[in-house]
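Student: Below is a structure I'd like to ask you about.
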Amino acid sequence: MKNLNLKLSGAIIFSLLSISAFSQNWQLGGNNPPALNATNNILGTNSNLPLRIHTNGVERMHSISTFYC
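Using numbering that gives the first Met the number 0, you'd call the opening residue of the sequence shown number 0 and step up by one each time.
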């Protein structure tokens, strides 16, 4: 019984440590180091081409470069 408790405790500790080791750390201000220029923290393109968002090989949305009121 003591051996089972020791193995169970070890498995729980290992699983808790591995969860934090493999988790993503997404930050609200961006994931770049603070030494980088803040003006580079954008989602977009530097051309007149639209920004296309794909998931699973299919385009789900895109932005256009013109704006109409």
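Cβ atoms here follow ideal geometry from the backbone N, Cα and C, with glycine treated the same way.
Computed from a prediction, not measured in an experiment: that's the story for all the values here.
1) Rank T54, G43, L5 and G56 by C-alpha distance to the C-alpha of S62 and give the top, closest one.
2) How long is the line joining the alpha carbons of L50 and A10, rounded to whole angstroms?
3) Just grab the DSSP bridge partners of I52 for me.
Tutor: This is what the structure holds:
1) Sequence index remark: in the sequence shown, residue 62 carries index 63 (1-based). Among T54, G43, L5 and G56, the Cα nearest to that of S62 belongs to G43.
2) Within the sequence shown, residue 50 is the residue found at index 51, counting from 1. Within the sequence shown, residue 10 is the residue found at index 11, counting from 1. Going by C-alpha positions, L50 is about 45 Å away from A10.
3) Here residue 52 refers to the residue found at position 53 of the sequence shown. Its beta-bridge partners are M60.
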